[in-house]
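Asker:
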Amino acid sequence: MSNPTPIAIRYTDEIYATPAQVGKSLHMVVYDDFWKQIMVYREENKVVLPFGKIKGRPFYFTLTQPIRIKIQDFERKIKDFLSLSRSMLLSKEKETRIILLSNILKEGAILEKSNINDLSIKMLLNSLYKESDNNHTPVVNYLSSIDYYLGQTPSAPNDDFLAGAYQRVLGQEELMDFYREKDFDKKVEHLAYIRDPDYPYAPHDLIEDSMEGLIGWLESDEFTPAFVHAFIAANYLFYIKPFDQRNSLMAALLAKEVIAENTGFSEAFVLPFELLLKDSFKNSDAYKESKARCDMTYALFEGMSVFSLYLDNVAEQLKNLRISQYKGEYSILGAEEENIADKIQQEKEPKGPTQLSFLNVEETTKEKKEIASPQEPSLQKNQENLKRESTYSSQSEDSKRGGLNEEKAEIPIVSSLANGNSPSPKDPLSKSEIKDYIRYLLETNPNLNKKQATFLANHCTPGRFYTIQQFKDFASCVYETARTSMDKLAQEGYYEKLQFKNKFVYSPIKKGN
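All the letters of the sequence shown, read from the start, carry residue numbers 214 to 726 under the numbering used here.
In structure tokens form, the structure reads like this:
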């Protein structure tokens with residue numbers, strides 16, 4: 214191996230330059246001798262892959278020792294990001310999921326040409342999504358796939374992984390087919406007679422051999438850094454498109470699994486490999502140079518740059534979220550402020566049980582004020598009200614609703630509401646999330662009016678039970694309107710209507726129920 218020249222080192226190890234970039238940097242029109250020096254150095258450090266362009270030259274990449282060190286430093290950055298993601302998912306799961314996954318899902322939607330909007334993605338991440346738009350299905354299934362792998366121990370990125378991932382992104386109970394057995398159109402037939410053609414995808418009869426070469430390389434090669442494995446695997450799978458559909462999502466999932474197995478972090482499934490499959494990346498000068506020369510190093514460094522900017526941005530958001538957790542702990546109160554804080558704390562201390570505490574449902578703010586009022590109704594009067602509510606409800610079912618089929622349906626009976634006010638594992642919605650949810654409900658379900666949507670957004674905690682009386686107080690409406698509205702929310706699939714003793718209660722239905 215010859216000693217590389219300073220020019221070769223500079224334009225390979227420091228900047229992996231194209232011929233045009235070398236000429237521009239040297240301010241020279243003719244630079245052939247310098248380019249030969251560069252290519253000699255690169256040839257001596259070339260790693261040829263066991264797969265390449267369809268009916269063309271094999272792909273390769275350059276791996277000098279300085280380039281390997283750069284990649285290893287970048288991989289440490291990825292591992293630090295995954296460690297931060299894991300700790301934040303444990304401490305602030307809901308907020309962290311939105312930070313980590315919202316952009317991933319948006320990019321996945323772009324790749325699959327789904328028209329799902331940002332608000333629907335936010336509702337999807339908050340488990341409040343209630344739409345039946347088939348165009349959203351790829352994104353819904355993609356989130357389910359990512360969530361599944363986030364909870365799994367990483368495994369080898371082989372055919373078994375691909376089969377399981379394909380089944381999940383399709384949302385199938387059982388995988389009906391695997392690699393495609395036909396071409397998407399007639400394009401590849403015409404390209405068969407062209408020298409070194411630019412195939413948009415692999416002909417179906419070449420898929421099995423192409424994928425065998427890729428999977429075999431991933432399983433047996435111990436020389437190449439993990440990120441190079443992941444990057445090339447994603448781009449090659451997307452290049453040959455071995456599946457009938459969802460090739461972009463499958464390419465991203467394969468790359469994530471490569472990193473997950475290497476690092477031991479299942480959180481690798483929040484990494485943004487989707488960015489490296491977008492048209493904007495494919496149209497970059499670096500990617501075009503890689504495709505023309507079969508040298509993946511150009512695109513690899515461009516991918517590392519895109520990745521690095523994204524990780525920096527998201528890591529900053531996660532760190533700000535972590536700081537916000539402890540912000541209040543660093544303020545020192547003066548004597549007067551401590552007295553005020555003590556008074557507030559005393560006011561917040563739980564009072565003794567009231568006459569209504571036997572009804573184990575969540576109360577609205579207005580109800581709490583009524584219960585604390587000196588003119589509090591007696592237990593006997595409250596029981597009479599509940600009895601009257603039940604009687605009125607049953608009479609209304611026959612007289613005012615004309616015996617509709619949905620009212621005739623048998624309503625489940627619950628014997629106890631013992632856990633109805635226990636803390637929910639799901640955090641309550643913040644004020645901004647409530648506003649977003651109201652807007653989402655009104656935009657996606659024209660059958661709801663604003664009061665119904667507003668009540669639902671404020672009363673959607675899983676495991677809780679809500680009453681007609683709560684809606685009446687919340688919306689300041691008559692009882693019949695409240696009853697009709699609660700039944701409407703149940704009919705639309707937001708609540709499950711249950712019978713408890715002599716009255717009805719309504720429990721939020723979790724996503725997927």
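Ideal Cβ positions, reconstructed from N, Cα and C, are used throughout, including at glycine.
(1) Can you list, in chain order, the residues of its chain with a C-beta nearer than 7 Å to that of Asn328? Leave out the 5 residues immediately preceding and following it.
(2) The beta strand (DSSP E) spanning Glu709 covers which residue range?
(3) Beta-carbon within less than 7 Å of Glu487's beta-carbon, same chain only, minus the 5 sequence neighbours each way: which residues are those?
(4) Looking at C-alpha atoms only, which residue of Met509, Pro410 and Pro370 is the closest neighbour of Lys259?
(5) Would you call Ala666 buried or exposed, if buried means 16 or more other Cβ atoms sit within 10 Å of its Cβ?
(6) Rounding to the nearest angstrom, what Cα-Cα distance links Glu425 and Leu431 in this structure?
(7) Can you tell me where the alpha helix (DSSP H) with Pro271 in it begins and where it stops?
(8) Tell me, to the nearest whole angstrom, how far the beta carbon of Glu474 is from that of Ser368; I am working on the premise that it is less than 8 Å.
(9) Taking the beta carbon of Val376 as the centre, do at least 16 other beta carbons fall within 10 Å, making it buried, or is it exposed?
(10) Give the straight-line distance between the Cα atoms of Gln683 and Gly706, rounded to the nearest whole angstrom.
(11) Between Ser521 and Leu484, what straight-line distance do the alpha-carbon atoms span, to the nearest angstrom?
(12) If we require 4 or more residues per run, which alpha helix (DSSP H) segments fall completely within the segment 315-368?
(13) When you compare each of Val691, Lys454, Arg299 and Gly384 to Lys395 by their alpha carbons, which one comes out closest?
(14) Apart from the five residues just before and just after Asn671, which ones in its own chain have a Cβ nearer than 7 Å to its Cβ?
(15) What residue does the beta strand (DSSP E) around Gly265 start on, and which one ends it?
(16) Jot down the residue ranges of each uninterrupted alpha helix (DSSP H) in the segment 417-479, minimum 4 residues, whole runs only, in chain order.
(17) In terms of residues, what are the limits of the beta strand (DSSP E) holding Pro721?
(18) DSSP state of Tyr679, grouped into three classes?
(19) Which one or two residues does DSSP pair with Asp508 in a beta bridge?
(20) What's the call for Phe436, buried or exposed, on a 16-neighbour Cβ count within 10 Å?
(21) Pick from Lys305, Leu513, Glu693 and Ile722: whose alpha carbon is nearest that of Tyr273?
(22) Out of curiosity, what's the CA-to-CA distance linking Leu332 and Met699?
(23) Roughly how many angstroms lie between the CA atoms of Lys237 and Lys723, to the nearest whole one?
(24) Excluding the 5 residues preceding and the 5 following Ala415 in the sequence, name in chain order all residues of the same chain whose CB lies nearer than 6 Å to its CB.
(25) With a 10 Å radius around its C-beta and 16 neighbouring C-beta atoms as the bar for buried, classify Pro271 as buried or exposed.
(26) Straight-line CA distance for Ser720 to Leu702?
(27) Which value, in whole angstroms, describes the spacing of the CA atoms of Arg310 and Leu338?
(28) Which residues mark the beginning and the end of the alpha helix (DSSP H) in which Pro279 is found?
(29) Excluding the five sequence neighbours on either side, which residues of its own chain have a C-beta within less than 6 Å of the C-beta of Pro351, listed in chain order?
(30) List the endpoints of the continuous alpha helix (DSSP H) containing Lys268.
(31) So what's Lys395 in DSSP terms, helix, strand or just coil?
(32) What's the call for Ser493, buried or exposed, on a 16-neighbour Cβ count within 10 Å?
(33) Out of curiosity, what's the CA-to-CA distance linking Ser315 and Trp248?
(34) Within 10 Å of its beta-carbon, does Asp525 have 16 or more other beta-carbons around it, so buried, or fewer, so exposed?
(35) Once you ignore the five residues that flank Tyr523 on each side, which residues in its own chain have a CB closer than 6 Å to its CB?
Answerer: Taking the coordinates as given:
(1) Listed in chain order, the non-local C-beta contacts of Asn328 below 7 Å within the same chain comprise Asn348, local neighbours out to five positions each way being set aside.
(2) Tyr708 to Phe713
(3) Ile317, Glu320, Gly321, Leu324 and Ala465
(4) Met509
(5) buried
(6) 10 Å
(7) Per DSSP, Pro271 belongs to no alpha helix (DSSP H); it is in the beta strand (DSSP E), Pro271 to Thr275.
(8) 7 Å
(9) It is Ala, not Val, that sits at residue 376 in the sequence shown. So Ala376 counts as exposed.
(10) 19 Å
(11) 11 Å
(12) The DSSP assignment places complete alpha helix (DSSP H) segments of no fewer than 4 residues inside the segment 315-368 at 331-338 and 350-363, in order along the chain.
(13) Closest option to Lys395, Cα to Cα, is Lys454.
(14) Ile647
(15) From DSSP, the beta strand (DSSP E) with Gly265 extends over Lys259 to Gly265.
(16) 420-433, 439-453 and 460-476
(17) Lys716 to Pro721
(18) strand
(19) Tyr273
(20) exposed
(21) In terms of CA proximity to Tyr273, Leu513 leads the group Lys305, Leu513, Glu693 and Ile722.
(22) 25 Å
(23) 60 Å
(24) Ile267, Ser423 and Ile453
(25) exposed
(26) 11 Å
(27) 7 Å
(28) Gln278 to Ser304
(29) Glu325 and Ser327
(30) Run containing Lys268: none; DSSP gives neither H nor E here.
(31) coil
(32) exposed
(33) 44 Å
(34) exposed
(35) Pro485
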